[in-house]
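**Student:** Please read through the structure below; I'll follow up with questions.
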Amino acid sequence: MMTMASIVTTSPGAGLRALLGEFAQMAALVETQLSEAISALERRDVALAERVVRSDLKVDACHRRVDERALAILRAGALTDRQFREAASLLKLSADLERVGDLAKNVAKRTIAVALEAPAPSAVAGVVRMGRASLRQLSDILNALQSGNLDAAQAVWRGDNDLDELYNSLYGEVVAAMSGARGAVNPGVHLLFIVKNFERIGDHATNIAEAIHFVETGAHFAEERPKGDDPGAPPKPDRS
Numbered sequence: 169m170m171t172m173a174s175i176v177t178t179s180p181g182a183g184l185r186a187l188l189g190e191f192a193q194m195a196a197l198v199e200t201q202l203s204e205a206i207s208a209l210e211r212r213d214v215a216l217a218e219r220v221v222r223s224d225l226k227v228d229a230c231h232r233r234v235d236e237r238a239l240a241i242l243r244a245g246a247l248t249d250r251q252f253r254e255a256a257s258l259l260k261l262s263a264d265l266e267r268v269g270d271l272a273k274n275v276a277k278r279t280i281a282v283a284l285e286a287p288a289p290s291a292v293a294g295v296v297r298m299g300r301a302s303l304r305q306l307s308d309i310l311n312a313l314q315s316g317n318l319d320a321a322q323a324v325w326r327g328d329n330d331l332d333e334l335y336n337s338l339y340g341e342v343v344a345a346m347s348g349a350r351g352a353v354n355p356g357v358h359l360l361f362i363v364k365n366f367e368r369i370g371d372h373a374t375n376i377a378e379a380i381h382f383v384e385t386g387a388h389f390a391e392e393r394p395k396g397d398d399p400g401a402p403p404k405p406d407r408s
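Residue numbers (the working numbering): 169 to 408.
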């Protein structure tokens, strides 16, 4: 079991390696959680969706361990500038990953509701496509974080605009499906929230891209974050 004493008596380099290991475990959990949430939606698999909801407890526990270790490293001091940036960034990024886990959990919760309805197959397929795109963004940025690949991080950062445009397109498709069939409104509302949650996952991937750039260069992106146009009044993402 990790204790505060064991953290602060570790050298900064070793402590950061342990912190990166904890963060990698959390990242793997969240990536699996999101992948399974998308699969549950695609198959309308209630049992898998319920498993995704339960798995969020593991993500939360990992988040607490990452925060504890990062704070202990920062309090201990004796860090180089880069080590400080790494520890501080991982403290922030653990919150981003925890939020992605929450969003995946909320997708799973709404999938359980959708499974009891009869949503338009085309609408579900479009939302699943958006989910796969958000998962690619997350996977790509976690790989970039592990390797410190600035080019890959910048590609994810720029790709957020594509995800926003896909969201805008799907928002219209789901609304059209809601008005085109009897009984489509209730599942359509759930799908609108799900697609918004996927869009927010892309935003968190972009946060990670910005942190990678900061850790590797000591500076923030000079350009403003790329964003697509909003499609009217979309739903806010779910809150846990």
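We treat Cβ as the ideally placed atom computed from N, Cα and C, and that holds for glycine. Keep in mind that this is a model prediction, so the values were computed, not measured.
Taking contact to mean at least 3 C-beta pairs separated by less than 8 Å, is the region 198-206 in contact with the region 265-274?
**Tutor:** In this structure the region 198-206 touches the region 265-274; the number of beta carbon pairs closer than 8 Å is three or more.
**Student:** Under the three-state reduction of DSSP, which class applies to residue 330: helix, strand or coil?
**Tutor:** Collapsing the DSSP output to three states places residue 330 in a helix.
**Student:** Quick one: is residue 388 buried, meaning 16 or more other Cβ sit within 10 Å of its Cβ, or exposed?
**Tutor:** exposed
**Student:** Give the DSSP-derived three-state secondary structure of residue 348 in the structure shown.
**Tutor:** Residue state for residue 348 is assigned as helix, using DSSP reduced to three classes.
**Student:** Using the C-alpha atoms, what's the distance from residue 340 back to residue 220?
**Tutor:** For residue 220 and residue 340, the distance between alpha carbons rounds to 28 Å.
**Student:** Do the region 253-267 and the region 325-337 make contact, defined as three or more Cβ pairs closer than 8 Å?
**Tutor:** no
**Student:** Under 7 Å Cβ to Cβ from residue 301, same chain only, skipping five residues before and after it: list those, please.
**Tutor:** Here the set comprises 331, 334.
**Student:** Once DSSP output is grouped into helix, strand and coil, what is the label at residue 355?
**Tutor:** helix
**Student:** Which same chain residues, not among the five before or five after residue 372, have their C-beta less than 7 Å away from its C-beta?
**Tutor:** Cβ neighbours of residue 372 beyond the five flanking positions: 264, 267, 268.
**Student:** Just to confirm, are residue 313 and residue 376 a CB contact at a threshold of 8 Å?
**Tutor:** yes
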